[in-house]
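Novice: Take a look at the following structure, please.
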Amino acid sequence: MATNYFGDRVTRAGIMRILSRLHRQQKQLFKGHLHTVLYKLRRKRGQIDEHLLVKIEESVTGRLVPEVAALHEATQMLMDHIFEAVKGFAQENQGYEIKQRLVPAVVQSLLVDSGLSRLLQEYTSSMLELSAGLAALTGLLNKLQSGADDDFASVVIEIKASSDRLAAAAAVIGEVVFKQDEESIRWIEVRPGYKGRHVVRLQCSPLDIAPMMQKAVYDSYDTIVMTSATLTVENSFEFLGKRVGLNALDPGRRLELQLPAPFDYERQAVVCIPTDIPDPNDRAFSAELGKLIFRAVSISNGRAFVLFTSYGLLTIIYRQLEDSFRKLGINPLRQGDENRHELLARFRRDKASVLFATDSFWEGVDVEGEALENVIISKLPFKVPNEPVIEARWEAIERAGGNPFMEYAVPLAVLKFKQGFGRLIRRKSDRGSVIVFDNRVVRKSYGKRFMRSLPPCRTVIGGQEQVFAELGIFFGRRKTR
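Residue numbers are given in our numbering: position 116 of the sequence shown equals residue 152, and the series is strictly consecutive.
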């Protein structure tokens with residue numbers, strides 16, 4: 037979250053929103069702040085200086101409305117161009133979402149050689165021209181006599197805000213595309229969108245957020261409380277402290293406290309880990325995973341979250357199983373088919389349902405009671421190594437002589453793993469199972485770090501038949517409670 041907070045981004049949707057607030061056409065009507073100005077001017081005719089009124093009208097109708105319309109069209113064309121360019125450049129990554137990091141070699145090939153950087157320069161110039169025109173308009177409106185000022189006050193504020201947002205967006209595009217330094221991470225993110233309006237984001241984030249946390253938080257407040265159920269790795273705050281700069285504070289300013297969970301996990305939960313399954317990197321894994329998920333969800337009669345680390349694998353498994361689940365009377369739901377709120381509402385209403393979900397459902401989702409009694413973790417939640425922020429921080433640790441896998445990738449995955457586990461027990465009467473279909477958690481030495489980060493609870497580790505037999509007994513007992 038802090039990485040995103042201290043970063044900057046420009047999106048197609050964000051720019052279109054700014055422009056639409058200024059000028060848009062709905063059927064035969066023109067709407068937006070610029071047309072509000074024209075409407076108010078007509079009402080004030082005869083009450084304000086006619087020369088100034090005409091000057092404002094000419095500015096709006098002769099310059100600003102055409103510029104907004106032109107920039108609207110240019111935005112659509114440019115964003116489509118960026119989408120196709122990134123998609124074509126990243127041939128090896130043709131998934132649902134592509135994040136292309138902008139290192140010097142990529143900038144040269146993707147942007148400069150293709151002429152896209154020139155188009156971006158022209159586009160930002162147009163944004164700045166429109167921003168300046170809007171600022172000039174607010175100056176003219178402020179010259180109106182005091183009696184009219186109050187009537188125009190709110191629209192002046194809105195137009196000034198639009199001017200500032202356009203200038204800020206132009207600056208971010210310049211930061212992302214044209215500036216290169218080792219302290220920032222820059223990338224372009226694209227994915228298919230509704231009715232061909234593809235999602236395009238130009239983003240930059242700090243490589244190290246610790247100095248920014250120091251300035252914005254630690255130096256600004258005498259007392260700060262950071263609290264969460266998932267701040268520690270193996271009961272230590274070391275990883276968090278290093279990432280967010282807490283370790284650099286005077287020890288006298290820092291107090292660490294871990295409180296026991298209010299739940300009896302040994303009674304309420306069971307963790308199941310089958311060992312005789314393919315390695316997640318094995319080609320046979322996805323086919324076997326579908327069978328394992330079907331069997332596990334059948335035993336719990338739905339009431340399950342199936343958590344994935346990639347939307348691609350989620351879609352493959354969902355398509356494998358959706359018809360089979362329906363035949364059993366279990367309703368399969370998939371993240372992305374409807375909005376998050378509606379999806380969770382359906383899941384809560386229909387106890388015999390299974391929700392296939394990815395990143396955002398690993399955390400911040402509360403489903404209490406019998407609606408959720410089975411959380412399935414398909415893979416250990418390691419971040420994709422070529423994801424821009426992960427890749428850049430990995431390289432920085434390597435440059436410093438460290439071990440990025442053990443120092444960064446594993447602790448980050450452990451925190452996500454804890455968040456996934458935490459979906460299960462939300463109150464003292466909840467019961468359920470967490471099933472991990474990734475045997476690296478017991479086969480690899482680093483797997484111990486995942487298990488040691490969970491609260492004490494009953495664990496079943498063994499072959500599939502043993503695990504599913506124990507799971508059947510567990511849910512059999514649940515039915516007779």
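Cβ coordinates follow ideal geometry from the N, Cα and C atoms, glycine included.
Quick check on the DSSP output: the alpha helix (DSSP H) that includes Ile-245 runs from which residue to which?
Specialist: Run containing Ile-245: none; DSSP gives neither H nor E here.
Novice: Candidates Lys-135, Tyr-41, Phe-42, Glu-103: which alpha carbon is nearest Ser-161's?
Specialist: The candidate whose alpha carbon is nearest that of Ser-161 is Glu-103.
Novice: At what residues does the alpha helix (DSSP H) containing Gln-136 begin and finish?
Specialist: Unbroken run through Gln-136 is the beta strand (DSSP E), 134-137; no alpha helix (DSSP H).
Novice: Unbroken alpha helix (DSSP H) runs of length 4 or more, entirely within the stretch 408-475: which are they?
Specialist: Those alpha helix (DSSP H) runs which fall completely within the stretch 408-475 and span 4+ residues are 424-435, 446-457.
Novice: Just to confirm before moving on: does the CB-CB distance between Ser-389 and Phe-383 stay below 8 Å?
Specialist: Yes; because the gap between Cβ atoms is below 8 Å, this pair is in contact.
Novice: With DSSP as the reference, identify every bridge partner of Arg-479, one or two as the case may be.
Specialist: Paired residue(s): none; Arg-479 is not in a bridge.
Novice: Looking only at its own chain, which residues have a Cβ that is under 8 Å from the Cβ of Pro-316, when we skip the five neighbours before and after it?
Specialist: If we look at Pro-316 and ignore the five residues flanking it on each side, its Cβ neighbours are Lys-415, Leu-416, Asp-474, Arg-476.
Novice: Gln-371: which of Arg-429, Leu-202, Gly-232, Leu-391 sits nearest, CA to CA?
Specialist: Closest option to Gln-371, Cα to Cα, is Leu-391.
Novice: Going along the chain, which residues of its own chain have a beta-carbon closer than 7 Å to the beta-carbon of Leu-364, five neighbours each way excluded?
Specialist: Only Ser-334 meet the Cβ criterion.
Novice: Which residues does DSSP list as the beta-bridge partners of Asp-44?
Specialist: Asp-44 pairs with Cys-240.
Novice: Hey, out of Tyr-254, Val-269, Pro-296, whose CA is closest to Asp-286's CA?
Specialist: It is Tyr-254.
Novice: Going by other Cβ atoms of all chains shown within 10 Å of its Cβ, with 16 needed for buried, is Thr-345 buried or exposed?
Specialist: Looking at its Cβ environment, which holds 16 or more other Cβ atoms inside 10 Å, Thr-345 is buried.
Novice: Tell me whether Ala-206 is buried or exposed, calling it buried when 16 or more other Cβ atoms sit within 10 Å of its Cβ.
Specialist: So Ala-206 ends up on the buried side.
Novice: How would you write the range of the beta strand (DSSP E) that Lys-63 sits in, first residue to last?
Specialist: Run containing Lys-63: none; DSSP gives neither H nor E here.
Novice: Do Tyr-132 and Arg-227 have their CB atoms nearer than 8 Å?
Specialist: In contact: Tyr-132 and Arg-227 (Cβ atoms closer than 8 Å).
Novice: What residue range does the alpha helix (DSSP H) around Pro-102 cover?
Specialist: Run containing Pro-102: 101-125, per the alpha helix (DSSP H) assignment.
Novice: Looking at C-beta atoms only, is the number of pairs between the stretch 51-64 and the stretch 105-113 that lie closer than 8 Å three or more?
Specialist: Cβ pair count under 8 Å is three or more, so yes.
Novice: Is the separation between the beta-carbon of Thr-311 and that of Val-472 shorter than 8 Å?
Specialist: Not a contact, by the Cβ cut-off of 8 Å.
Novice: Report back the beta-carbon spacing between Ile-522 and Leu-176 to the nearest angstrom; my notes put them in contact at under 8 Å.
Specialist: As shown, the chain starts at 37 and ends at 517. That puts residue 522 outside it, with no answer to give.
Novice: Output needed for Ala-184: all residues of its chain with C-beta closer than 7 Å, excluding positions within five of it in sequence on either side, in chain order.
Specialist: The predicted model places Ala-184 with a pLDDT of 48, which falls under 50 and marks its position as unreliable; any figure quoted below should be read in that light. Excluding residues within five positions, the ones whose Cβ falls inside 7 Å are Lys-80, Gln-83, Ile-84.
Novice: If we ignore side chains and look at the alpha-carbon of each, how far apart do Arg-517 and Arg-467 end up?
Specialist: Caution is warranted here: a pLDDT of 45 is assigned to Arg-517, below 50, making its placement in the model unreliable, and the coordinate value is therefore given only provisionally. Their Cα atoms are separated by approximately 11 Å.
Novice: Classify Glu-409: buried if its beta carbon has 16 or more other beta carbons within 10 angstroms, exposed otherwise.
Specialist: Classification of Glu-409: buried, given that the 10 Å Cβ count is 16 or more.
Novice: For Ala-184, name the three-state secondary structure that DSSP assigns.
Specialist: For Ala-184, the predicted model reports a pLDDT of 48, less than 50, meaning its position is unreliable; a value from the coordinates is still stated below. Reduced to three states, the DSSP call for Ala-184 is helix.
Novice: Where does Thr-516 sit, in a helix, a strand or coil, going by DSSP?
Specialist: Confidence in Thr-516 is poor, its pLDDT being 41 and thus under 50, which makes the residue's placement unreliable; the coordinate value appears in the next sentence. Of the three classes helix, strand and coil, the one that applies to Thr-516 here is coil, per DSSP.
Novice: Taking Arg-154 as part of the alpha helix (DSSP H), name the residues at either end of that continuous run.
Specialist: It spans 152-178 - the alpha helix (DSSP H) in which Arg-154 sits, taken as one unbroken run.
Novice: Let me confirm a value: Val-73 is counted as buried when at least 16 other C-beta atoms fall within 10 Å, else exposed. Which label applies?
Specialist: Its Cβ being crowded by 16 or more others within 10 Å, Val-73 is buried.
Novice: Hey, is the stretch 94-103 in contact with the stretch 61-77, meaning 3+ C-beta pairs nearer than 8 Å?
Specialist: Because the criterion of three Cβ pairs below 8 Å is met, the stretch 94-103 and the stretch 61-77 touch.
Novice: Considering only residues of the stretch 324-352, which uninterrupted beta strand (DSSP E) runs meet the minimum length of 3 residues and lie entirely inside it, listed in chain order?
Specialist: The qualifying runs are 340-343.
Novice: To the nearest angstrom, report how far apart Arg-488 and Glu-274 are at their CA atoms.
Specialist: Near 15 Å, if we compare the C-alpha coordinates of Glu-274 and Arg-488.
Novice: If you pair each beta-carbon of the stretch 429-440 with each one of the stretch 452-466, do three or more pairs fall below 8 Å?
Specialist: Contact fails: fewer than three Cβ-Cβ distances are below 8 Å.
Novice: Please classify Ala-305: does DSSP put it in a helix, a strand, or coil?
Specialist: If DSSP states are grouped into helix, strand and coil, Ala-305 belongs with the strands.
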